[in-house]
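Engineer: Sharing a structure with you now.
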Amino acid sequence: MSKPVVVRLRIKGGVIVQNCDVYIGRKQTQGGWNLKESEWENKHNVKTLGRDVAIAAFKRDLYRWVADDPHTWIPKLVSLEGKTLGCWRPPCEDESVPTCHGNVIAHLVDLCCQIVNTDGPPSEKAVDDYWHELVGQK
């Protein structure tokens, strides 16, 4: 089991120097990119709300989606296990203070994988941590 890695996409001299497995941002058709809007994009604008508020709002939304429809969202999250998630913000150094909504996604992927990727039943602690995260955000 490996947690997704969040990277900052980059092109230099027309050559992609940092790409990703899964793009998690808004539609981008400039700067040499032609990327479609991702279902994982943060619809809360950092420029108007500020980074902390926009990320907190995205986290609230994502956790609500998972809590309301776990049969759809948990498999989607688990499918991101071990993937490189690409966005435009640099990834955070301290995961307790996310600087990109991708860090929120990666954290929830890790929690979901602890629940579903086990040989036997998940540990009580994994289930408690998972539900504490989801219910605490509703």
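What the sequence shown shows, in UniProt numbering, is residues 1 to 138, in sequence order.
Every residue gets a Cβ at the ideal spot worked out from N, C-alpha and C, and that includes glycine.
Take residue 43 and list the residues in its own chain whose beta-carbon comes closer than 7 angstroms to its own, dropping the five residues that flank it on each side.
Structural biologist: Residue 43 sits at position 43 when you count from the first residue of the sequence shown. Contacts found: none.
Engineer: To the nearest angstrom, how far is it from the Cα of residue 12 to the Cα of residue 107?
Structural biologist: On the sequence shown, position 12 is the one that residue 12 refers to. On the sequence shown, position 107 is the one that residue 107 refers to. Approximately 30 angstroms, taken between the alpha carbons.
Engineer: Roughly how many whole angstroms lie between the Cα atoms of residue 65 and residue 112?
Structural biologist: Within the sequence shown, residue 65 is the residue found at index 65, counting from 1. Within the sequence shown, residue 112 is the residue found at index 112, counting from 1. Going by the C-alpha atoms only, they are around 13 angstroms apart.
Engineer: State the beta-bridge partners of residue 84 as determined by DSSP.
Structural biologist: The count along the sequence shown starts at 1 and reaches residue 84 at position 84. Residue 84 pairs with 5.
Engineer: How would you write the range of the beta strand (DSSP E) that residue 74 sits in, first residue to last?
Structural biologist: Numbered from its first residue, the sequence shown carries residue 74 at position 74. Counting along the chain, residue 74 falls outside any beta strand (DSSP E), though it belongs to the alpha helix (DSSP H) covering 70-78.
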